[in-house]
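Visitor: Structure incoming, see below.
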Amino acid sequence: MYKDKKVVVVMPAYNAARTLEKTYREVPRELVDEVVLCDDASKDETTALATQLGVDHVITHPSNRGYGGNQKSLYNKALDIGADIVIMVHPDYQYTPKLIPTMCNIIGEGLYPVVLASRILGKGALKGGMPLYKYVANRFLTAVQNLLVNYKLSEYHTGYRAFSREVLETISFDANDDDFVFDNEMLSQIIYHGFDIAEVTCPTKYFEEASSINFARSSKYGLGVLRVSLQHRLAKWGLIEEPKIYARASYFV
C-alpha cells in the first residue's frame, strides 16, 4: 500500500519465460500489493513460470489477442481487485521495475494521475541500444503527436506507465485496438479527457531476449499513431463525429 492506496503491477506477457524471473524479482513487494500477469497464448512456459514464482494473478489467453487485448485483460483485472494505482511493467526486462516507487509516489501524492517512464529524456535510448531508425521514428512521431494533440511529451511510445484508478475508470480503453496502437489510443484518451501526465527518466535495455517488433510492424504502428493523432485533432475541432474511444467509460465494481 501507498498511504492506504492499493498498488497493483500488471505485466503483459508473450514468450517471456527467459526474462520474467529477473523482472519479477525486482518488483518491490514491500510496496506492491499484488501482481497480475496476462500470458497472451505464449509458446513457452510463461504461465507455468509465473505460477511457480508466486505471481498473485495469472491470466492465460487461450488464443493470442494482441498487445492491446492483453492490456485490456490486465486493467480490467486490476480494477476488479480494487487497485488505486496501476503500474504496467513489461516482463521482458527492457525497463527496470526499480522505478516503481518513484512512479507510485507521484500518483500517490496526488501530483499527477499518469506517469510515463521516458527513454528519451536524457540519453537513455541510444545508450541502451535503441536502433537508430527506431530512435529517429520515435522523435518524428512524437513531434507530430505533440502538435496534433496539443500536448508536450518527450515520447508517446514507452511501455512503462502508471495510472490512477480514476483514469482507468474514465477512459474507454476497452474500445481501443487490440494491437500495438492501443498504447497511443490510450494516451490520446487521457489527454482528450484533460488528465495531466508526468514523465520520469528511464534507462532501457535492448538485447536478444527483449521483445521488439520488426520493421514492417513498426511501419504499421507508425501509420496507426498518425491516424490516432489526426483523429484526436479533428474531433477536438468538431470536424468529425466524436469517435467512440473518447466516450467516458462507465466502470462500476
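Quick note on our numbering: the sequence shown kicks off at -4 and runs consecutively.
No residue lacks a Cβ here, since even glycine has one placed at the ideal position from N, Cα and C.
(1) Go to VAL53, then tell me how far its beta strand (DSSP E) extends in each direction, as first and last residue.
(2) Given a cut-off of 8 Å on the beta-carbon distance, is the pair VAL195 and MET98 in contact?
(3) In the DSSP assignment, find the unbroken beta strand (DSSP E) run with ILE192 in it and report its ends.
(4) Are there any heavy atoms of the ligand GDP lying less than 7 Å away from the beta-carbon of PHE190, as far as the coordinates show?
(5) How far does the beta strand (DSSP E) with ALA73 in it reach, from first residue to last?
(6) Counting contacts by CB-CB distance shorter than 8 Å, is VAL30 in contact with chain B?
(7) If you run the structure through DSSP and keep just helix, strand and coil, what is GLU16?
(8) Taking 7 Å as the limit between beta carbons, can you name the residues of its chain near GLU150, skipping five residues before and five after?
(9) Among GLN184, LEU142, LYS129, which residue has its Cα nearest to the Cα of ILE166?
(10) Between the C-alpha atoms of GLY189 and VAL84, what's the straight-line distance to the nearest angstrom?
(11) Assuming the contact rule is C-beta atoms closer than 8 Å, ASN10 and THR41 should be a hit. Round their C-beta distance to whole Å, please.
(12) Applying the criterion that 16 or more other CB atoms from any shown protein chain within 10 Å of the CB defines a buried residue, is MET(-4) buried or exposed?
(13) Taking ASP169 and LYS67 to be in contact with their CB atoms under 8 Å, please state how far apart those CB atoms are, rounded to whole angstroms.
(14) Looking only at its chain, what residues have a beta carbon closer than 6 Å to the beta carbon of GLY154, apart from the 5 residues adjacent to it on each side?
Guide: Walking through what the data contain:
(1) 52 to 55
(2) yes
(3) 192 to 196
(4) Because no ligand of any kind appears in the structure shown, any question about the ligand GDP cannot be addressed here.
(5) For ALA73, there is no enclosing beta strand (DSSP E); the enclosing alpha helix (DSSP H) covers residues 61 to 75.
(6) Protein chain content of the structure displayed is limited to a single chain, and chain B is not contained in it.
(7) helix
(8) SER113, ARG114, ILE115, ASN133, THR137
(9) It is GLN184 whose Cα lies nearest to the Cα of ILE166.
(10) Spanning the two alpha carbons is a distance of roughly 24 Å.
(11) 7 Å
(12) exposed
(13) 6 Å
(14) HIS85
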